[in-house]
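Q: Going down the list, the protein sequences come from chains P and W.
The first sequence lines up with residues 102 to 531 when you count with our numbering.
The second sequence lines up with residues 45 to 302 when you count with our numbering.
All C-beta atoms in this analysis are idealised placements derived from N, C-alpha and C, irrespective of residue type, glycine included.
If you scroll down you'll find the structure; I have some questions about it.
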Amino acid sequence: MSPSSLRLAVALARIPHLGRSLFLFPLILSLGIVISQLLLTGLLVRMTTISSSVQAKNVEIQTDHSPVRWLLYGSNARRPELRVCRWGDNKDSSDEAPPAGCNPDRLDVAIQVSDPKNFDASTYQRIFNGHIDRLHICKTCRPDVTIKPEGVGLTKSTAHSVFGLAILSLPYTNNDIGSRRVELLRVVEDIRSILGEISMSIPEISNTIGISALKSTLPITLNVALLVMTALWLALRAHRKVLDYLSRNDVLLPLAAACGKERFYSAIWILTIFRVGAFLAASIPIMYYGLSDILTTYVDSPTNITPLDFIIWLFALSSTLAVSTIIASISELQHRHALLSVCYRFVPIVIALTGAVAWSFSFILPYQSAGILRLIMSAIPVLGIAPILAAPVTNLPYFPMLLHGVLALLTMILLLRRNARWFAAHLEEV
Amino acid sequence: MSLVSLSATNLSVRYSELPALEIKQLSLKGSVIALLGHNGAGKSTLIKTLLGLLEPATGKISITNKRGELLRADQHMAFCPENGAVFADIKVERYLELWCRIKHNNGSYYRKEGSRYVERLGLPELLLKKGRELSKGQRRRVQTALGFMSDPEIFLFDEPFDGLDVQRTNDLMEIVEEEKTQRAFLISSHRMDVIERISDVVIVLQHGRIACAGSVLHVCQTFDDKEIPGSQISLTDAMRAHLRKIRLEEGLKDGVRS
Numbered sequence: 102m103s104p105s106s107l108r109l110a111v112a113l114a115r116i117p118h119l120g121r122s123l124f125l126f127p128l129i130l131s132l133g134i135v136i137s138q139l140l141l142t143g144l145l146v147r148m149t150t151i152s153s154s155v156q157a158k159n160v161e162i163q164t165d166h167s168p169v170r171w172l173l174y175g176s177n178a179r180r181p182e183l184r185v186c187r188w189g190d191n192k193d194s195s196d197e198a199p200p201a202g203c204n205p206d207r208l209d210v211a212i213q214v215s216d217p218k219n220f221d222a223s224t225y226q227r228i229f230n231g232h233i234d235r236l237h238i239c240k241t242c243r244p245d246v247t248i249k250p251e252g253v254g255l256t257k258s259t260a261h262s263v264f265g266l267a268i269l270s271l272p273y274t275n276n277d278i279g280s281r282r283v284e285l286l287r288v289v290e291d292i293r294s295i296l297g298e299i300s301m302s303i304p305e306i307s308n309t310i311g312i313s314a315l316k317s318t319l320p321i322t323l324n325v326a327l328l329v330m331t332a333l334w335l336a337l338r339a340h341r342k343v344l345d346y347l348s349r350n351d352v353l354l355p356l357a358a359a360c361g362k363e364r365f366y367s368a369i370w371i372l373t374i375f376r377v378g379a380f381l382a383a384s385i386p387i388m389y390y391g392l393s394d395i396l397t398t399y400v401d402s403p404t405n406i407t408p409l410d411f412i413i414w415l416f417a418l419s420s421t422l423a424v425s426t427i428i429a430s431i432s433e434l435q436h437r438h439a440l441l442s443v444c445y446r447f448v449p450i451v452i453a454l455t456g457a458v459a460w461s462f463s464f465i466l467p468y469q470s471a472g473i474l475r476l477i478m479s480a481i482p483v484l485g486i487a488p489i490l491a492a493p494v495t496n497l498p499y500f501p502m503l504l505h506g507v508l509a510l511l512t513m514i515l516l517l518r519r520n521a522r523w524f525a526a527h528l529e530e531v
Numbered sequence: 045m046s047l048v049s050l051s052a053t054n055l056s057v058r059y060s061e062l063p064a065l066e067i068k069q070l071s072l073k074g075s076v077i078a079l080l081g082h083n084g085a086g087k088s089t090l091i092k093t094l095l096g097l098l099e100p101a102t103g104k105i106s107i108t109n110k111r112g113e114l115l116r117a118d119q120h121m122a123f124c125p126e127n128g129a130v131f132a133d134i135k136v137e138r139y140l141e142l143w144c145r146i147k148h149n150n151g152s153y154y155r156k157e158g159s160r161y162v163e164r165l166g167l168p169e170l171l172l173k174k175g176r177e178l179s180k181g182q183r184r185r186v187q188t189a190l191g192f193m194s195d196p197e198i199f200l201f202d203e204p205f206d207g208l209d210v211q212r213t214n215d216l217m218e219i220v221e222e223e224k225t226q227r228a229f230l231i232s233s234h235r236m237d238v239i240e241r242i243s244d245v246v247i248v249l250q251h252g253r254i255a256c257a258g259s260v261l262h263v264c265q266t267f268d269d270k271e272i273p274g275s276q277i278s279l280t281d282a283m284r285a286h287l288r289k290i291r292l293e294e295g296l297k298d299g300v301r302s
């Protein structure tokens, strides 16, 4: 990597189109992906780890301080006692009329029945009490919500506006439902305390797998794996983007000739490093603080991943995913004129999925040798992506992970060298 | 006159497994070397191999200057492809700046030391145009100016006269005539009339092999099929005779096969 390559890379990055497509758009897109990952993780962790005491608090918030009510009425507090308005005949016309002081409003609910005077509205009174001001029992009146009670399975509720839909969602934040959810969680907590720490023993692994610690290990594993995948995807696309852009403008050959192939490829590598570096620099702090916040807020059991575990796992995972993307890229590039060229992109995915199925199936086998088979599979690049991905969860020993990483690196070097030769001979075809 | 020596030994360049260029032995000197041959004869392959863009499967090819120093693509050569080269979405001015920054580490080189070529190739009127607004000829003029600005010892042109009108062809020929005192040229072209006037050495390629190489006179004599003593045919007629011969040979081969 010489200063002249760096100069070339900077000059290329200053081309507005390349600057935008290499750095700006992917950065925004990738940050969007990271933030979505965190939101989804937060939501899932919160859903799976919520305790009965927190749930009880949430129920209280939802019933007494509903955000939906704030949207509808400008206040999240419970509404005053529900008033039931039974409509009667109008003396001046053939229409029906509400009782005095019961003029209908858009945010009311109407139960349309043939005999308003004698209809038993106690059930509706119970579920809407505290959420709306008036419940009309009438023949044809129509506020934002109308309900036609025609027996079990035949009752129809219609919202006549978005506000009507919001009103129909309010009974679900009912205190009854909430307290039953809290009850359910207490039962689950009881079972948990009776069973204690759950772990799984696998023959080839000396330590047992702590299932209870998965709450913290799993989100870290999945988020880091997705981060590595996004970074590799960005790296792969960087090469293609630069070469495609230069080729489309007929500048590829004169530029490669004028700079020398070595300097030219070095510049593309530098651009790739810039791109991935910019992505990682922006996303790692967000991911770190986001995940830490989620885990410290919602998960009480600490992760069982040590820094050494993490480094070895990251090395194996990055190497195997890098090899997979390179295989996909080369396969597609070398067969780009084939009718089904796009299929070549999925070659490593098919290999990895085959490995994943075989690895999962081996857990059902009742033989001790299945453990050895799993260890061997874990050490094979691409085929063993699934066991490597799950390594922090399954406490995979260091040796197969290290072997996997080293073999993947060797394969990558071999492929890149062959690829470089092929690339040089087909520069115009990229 | 800037002379260069082009030499090749046991050179074989292949696309996948198909041979594109096979040269057993080549050694010639010239200041304007022309590459002639039918489509697919191997002209562009030869240029790309010289530029180091294609790796020979076996053998080697090299160009040396009159002091015997090996010429390197990134330091001593310039290349203008058939379609020229300018980024479609940036102005010619920005493109010149980019190249000057890459080659000279000075974005305004084209306004100072390189301004002679900007003027000579009529670029001032194009500076504010974007690449996509240029014709093929204009794109080639831009790349030619940039090639000259890098002050190469040899300038490689791929089909530079293709699609040029009489005026532009004469302009380019004049530039080559002027510049050949300072640098050599290697020009691949189908325009025999032009090649005959500007080149001193010709290489005729046929199906990736050298059919003939030497001075224009030597090539004309080699392909002369009239065999009238004392007469001399033009390069255009010589090449026509050569092509007739190839077709005849290929027809005979087909006849034997069928």
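1. Tell me the DSSP bridge mates of W:Met121?
2. What did DSSP end up calling P:Ile151 once you bin it into helix, strand or coil?
3. Mind pulling the chain W residues with CB within less than 7 Å of P:Ala112?
4. Here's the rule: buried if 16 or more other CB atoms are within 10 angstroms of the residue's CB, otherwise exposed. What is P:Tyr499?
5. Please name the residues in the stretch 114-128 of chain P whose beta-carbon is closer than 8 Å to at least one beta-carbon of chain W, in chain order.
6. Express the C-alpha separation of W:Leu94 and W:Ser106 in angstroms, rounding to a whole number.
7. One question on the structure: do P:Gln163 and P:Val283 come within less than 9 Å of each other, judged by their Cβ atoms?
8. Suppose you measure from the CA of W:Leu230 to the CA of W:Phe267; what does that come to, to the nearest Å?
9. Looking at the C-beta of P:Lys342, does it have a partner C-beta in chain W at a distance below 9 Å?
10. For chain P, is any of its Cβ atoms less than 9 Å away from the one on W:Ala189?
11. Quick one: what does DSSP say P:Phe464 is sitting in, helix, strand or coil?
12. Take P:Ala417 as the anchor and find which of P:Ile481, P:Tyr366 and P:Val343 has the nearest alpha-carbon.
13. For the stretch 343-357 of chain P, enumerate the residues whose C-beta is nearer than 7 Å to any C-beta of chain W, in chain order.
14. Could you name the residues of chain P that W:Met121 contacts, counting a contact when the two beta carbons are closer than 9 Å?
15. Would you mind giving the Cβ-Cβ distance between W:Phe201 and P:Leu354, rounded to the nearest angstrom? I have them listed as a contact below 8 Å.
16. For W:Val136, go through chain P and note every residue whose CB falls closer than 9 Å to its CB, in chain order.
17. Is W:Asp281 helix, strand or coil when you go by DSSP?
18. Would a check of beta-carbon distances place W:Pro168 closer than 9 Å to chain P?
19. Return the residue from the list W:Tyr59, W:Lys73 and W:Ala52 that minimises the CA-CA distance to W:Ile67.
20. Between the Cα of P:Leu392 and those of P:Pro320, P:Leu255 and P:Phe220, spot the shortest distance and give me the residue it belongs to.
21. Against chain P, with Cβ distances strictly below 9 Å, would W:Phe192 count as a contact?
22. Take the Cβ of P:Phe126 as the centre, count every other Cβ of all protein chains shown within 10 Å, and call the residue buried at 16 or more, exposed below.
23. For P:Arg282 and chain W, any beta-carbon pair shorter than 9 Å?
24. Determine whether the Cβ of W:Arg155 lies closer than 9 Å to any Cβ atom of chain P.
25. According to the neighbour-count rule (16 or more other Cβ atoms, all chains shown, within 10 Å of its Cβ), is P:Leu140 buried or exposed?
26. Do three or more CB pairs link the stretch 134-146 of chain W to the stretch 102-114 of chain P at distances below 8 Å?
27. Is the shortest distance between the beta-carbon of W:Val48 and the beta-carbons of chain P less than 9 Å?
28. Measure from the C-beta of P:Asn476 to each C-beta in chain W and report whether the shortest distance is under 9 Å.
29. Where do the N-terminal and C-terminal ends of the beta strand (DSSP E) with P:Tyr346 fall, by residue?
30. Hey, does W:Phe131 have any beta-carbon neighbour from chain P nearer than 9 Å?
31. Identify which residue in W:Leu178, W:Ala285 and W:Glu221 has its Cα closest to the Cα of W:Ser75.
32. Tell me, please, which residues DSSP counts as bridged to W:Thr108.
33. Return helix, strand or coil for W:Glu221, following the three-state DSSP convention.
34. Identify the contact partners of W:Asp118 in chain P, using a Cβ-Cβ distance below 8 Å as the criterion.
35. Using a beta-carbon distance below 9 Å, is W:Asn127 in contact with chain P?
36. Report the rounded CA-to-CA distance for W:Asp215 versus W:Val162, giving the unit in angstroms.
A: Concretely, from the data shown:
1. Per DSSP, W:Ile198.
2. Looking at P:Ile151 - three-state DSSP - the assignment turns out to be coil, as it is neither helix nor strand.
3. Contact of P:Ala112 with chain W by beta-carbon distance below 7 Å involves Leu142, Arg145 and Ile146.
4. P:Tyr499 comes out exposed.
5. Arg115, Ile116, Pro117 and His118
6. Rounded to the nearest angstrom, the two C-alpha atoms are 7 Å apart.
7. no
8. If you take the alpha carbons of W:Leu230 and W:Phe267, they lie about 22 Å apart.
9. no
10. no
11. Note: P:Phe464 maps to coil in three-state DSSP.
12. P:Ile481
13. Asn350, Asp351, Val352, Leu354, Pro355 and Ala357
14. Ala358 and Ala359
15. Taking 8 Å as the upper bound for CB-CB distance, W:Phe201 and P:Leu354 are not in contact here, some 13 Å apart.
16. Here the premise fails: no neighbours, minimum Cβ distance about 12 Å.
17. W:Asp281: helix per DSSP, three-state reduction.
18. no
19. W:Ala52
20. P:Pro320
21. no
22. Counting of Cβ neighbours within 10 angstroms places P:Phe126 among the exposed residues, the total staying below 16.
23. no
24. no
25. exposed
26. yes
27. no
28. A quick correction: the sequence has Leu, not Asn, at residue 476 of chain P. It does not; no Cβ of chain W falls within 9 Å.
29. Unbroken run through P:Tyr346 is the alpha helix (DSSP H), Leu315 to Arg349; no beta strand (DSSP E).
30. yes
31. W:Glu221
32. W:Ser49 and W:Leu114
33. DSSP places W:Glu221 in the helix class (H, G or I) of the three-state scheme.
34. Ordered by position in chain P, the residues that pass the 8 Å Cβ test against W:Asp118 are Ala358, Ala359, Cys360, Gly361 and Arg364.
35. yes
36. Rounded to the nearest angstrom, the two C-alpha atoms are 14 Å apart.
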